[in-house]
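Protein sequences, first through last, are from chains A and B. Using numbering that gives the first Met the number 0, the letters of the first sequence correspond one by one to residues 0 to 145. Using numbering that gives the first Met the number 0, the letters of the second sequence correspond one by one to residues 0 to 108.
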Amino acid sequence: MVNERVVTLSIPALPEYVDLVRLTLYGIATKLKFTFEEIEDMKVAVSEACNNAVLHAYGDLSGNIEVTFQTLGEELVITVKDFGKSFVVDESKEAPVMHGKEIDEIQSGGLGLYLMQALMDRVEVKQDGGTAVTLSKKRLASEETA
Amino acid sequence: MPMEKLSLRTEHTEDRTIVHIGGEFDLEAASRMRAALNSLIEQADRRITLDIQQLKYIDSTGIGILISLAKALHARNVSFDVVHIPSHIRKLFDMTGITPFLMKPESSI
């Protein structure tokens, strides 16, 4: 039976509060026995979702970002939700990665969504009175597989 | 007690300028880093090395600023590299494909 537990954090949509989300994530993921590497991956992915909300959701107005950490067995499901205007997340666009390119061709933006997708097992974006990004990652089995 | 989240220290050696970056290079640190690195670009007259041994965290904001720095220095013909890259940060550099623009292949010199 899956035992569901939820932690919710609400922060002002400002750059100096995003580290609180990382600290909370660290605490929760450590309890769930995620590895150092998995935690570092999730920290970046969750921060990318928060950064998008900080930069795009409210314009010059103030607003909050609600982050929900949901534990489902060995899976951590993190939802980053804002209540501002929806921003365009173009998932069909080619990943803005720089492999095989020359320095004159590379761009400095647009890596956020790519990193979220590369670092998590699943990424879902919903837009309905704001934007909600759901990020999921399963902890690697602790049993010896060899 | 306020904690210094991003640390920046510039060191001038005989042949290069080394900038030591430590702490968290995130959205909060972005404007400070952009300003510091822009003044570095303006004064760049010799090789520039970023030493990120003490860097604990970087995300796409920081990576974007490093790309801009690499491009600006390349355009000015200033040699640039990043050294002492922690493994979890190296992973992000490899994922995004930025690594070749930050590291000089030692063997090919």
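Glycine included, C-beta positions come from ideal geometry on N, C-alpha and C. Values in this document were obtained by computation on a predicted structure and should not be read as measured data.
Which residues DSSP lists as bridging residue i, in chain order
{"i": "Ser6 (chain B)", "result": "B:Gly21"}
{"i": "His11 (chain B)", "result": "B:Thr16"}
{"i": "Gln116 (chain A)", "result": "Gln116 (chain A) pairs with nothing; no bridge assigned."}
{"i": "Pro14 (chain A)", "result": "According to DSSP, which records beta bridges pairwise, Pro14 (chain A) is partnered with nothing at all."}
{"i": "Glu65 (chain A)", "result": "A:Ser9, A:Lys80"}
{"i": "Glu207 (chain A)", "result": "Lying outside 0 to 145, the shown extent of chain A, residue 207 (chain A) is not represented and no answer is given."}
{"i": "Leu20 (chain A)", "result": "According to the sequence provided, residue 20 (chain A) is Val. The question's Leu does not apply to it. Partner(s): none; Val20 (chain A) has no beta bridge."}
{"i": "Thr130 (chain A)", "result": "A:Gln126"}
CB contact flag (residue i, residue j, <8 Å)
{"i": "Asp58 (chain B)", "j": "Glu47 (chain A)", "result": "yes"}
{"i": "Val81 (chain B)", "j": "Leu49 (chain B)", "result": "yes"}
{"i": "Met97 (chain A)", "j": "Ile97 (chain B)", "result": "yes"}
{"i": "Phe149 (chain A)", "j": "Leu75 (chain A)", "result": "Coverage of chain A is limited to positions 0 through 145, which leaves residue 149 (chain A) absent and any answer about it impossible."}
{"i": "Leu7 (chain B)", "j": "Ala35 (chain B)", "result": "yes"}
{"i": "Lys84 (chain A)", "j": "Ala131 (chain A)", "result": "no"}
{"i": "Gly87 (chain B)", "j": "Glu101 (chain A)", "result": "The sequence shown places His at residue 87 (chain B), not Gly. For His87 (chain B) and Glu101 (chain A), no; Cβs fall outside 8 Å."}
{"i": "Thr133 (chain A)", "j": "Thr78 (chain A)", "result": "yes"}
{"i": "His83 (chain B)", "j": "Ile51 (chain B)", "result": "yes"}
{"i": "Pro11 (chain A)", "j": "Glu27 (chain B)", "result": "no"}
{"i": "Arg19 (chain B)", "j": "Gln53 (chain B)", "result": "What sits at residue 19 (chain B) in the sequence shown is His, not Arg. In this structure, Gln53 (chain B) lies closer than 8 Å to His19 (chain B) by Cβ."}
{"i": "Lys32 (chain A)", "j": "Arg138 (chain A)", "result": "yes"}
{"i": "Val17 (chain A)", "j": "Val43 (chain A)", "result": "no"}
{"i": "Asn51 (chain A)", "j": "Gly129 (chain A)", "result": "no"}
Backbone secondary structure at residue i - three-state DSSP
{"i": "Val81 (chain B)", "result": "strand"}
{"i": "Ser107 (chain A)", "result": "coil"}
{"i": "Lys137 (chain A)", "result": "strand"}
{"i": "Lys80 (chain A)", "result": "strand"}
{"i": "Ala28 (chain A)", "result": "helix"}
{"i": "Glu3 (chain A)", "result": "strand"}
{"i": "Val122 (chain A)", "result": "strand"}
{"i": "Ala56 (chain A)", "result": "coil"}
{"i": "Val96 (chain A)", "result": "coil"}
{"i": "Ile38 (chain A)", "result": "helix"}
{"i": "Glu47 (chain A)", "result": "helix"}
{"i": "Ser85 (chain A)", "result": "coil"}
To test your reading of the DSSP string, which unbroken beta strand (DSSP E) runs of 3 or more residues are found completely within the stretch 23 to 106 of chain B? Fully enclosed beta strand (DSSP E) runs of 3 or longer: 46 to 50, 54 to 57, 79 to 82.
Report yes or no: do the stretch 61 to 68 of chain A and the stretch 52 to 72 of chain B share at least 3 C-beta pairs separated by less than 8 Å? no
Assess, as a yes-or-no matter, whether the stretch 17 to 32 of chain A is touched by the stretch 12 to 27 of chain B under the definition of 3 or more beta carbon pairs within less than 8 Å. Contact between the stretch 12 to 27 of chain B and the stretch 17 to 32 of chain A is present, because at least three Cβ pairs lie under 8 Å.
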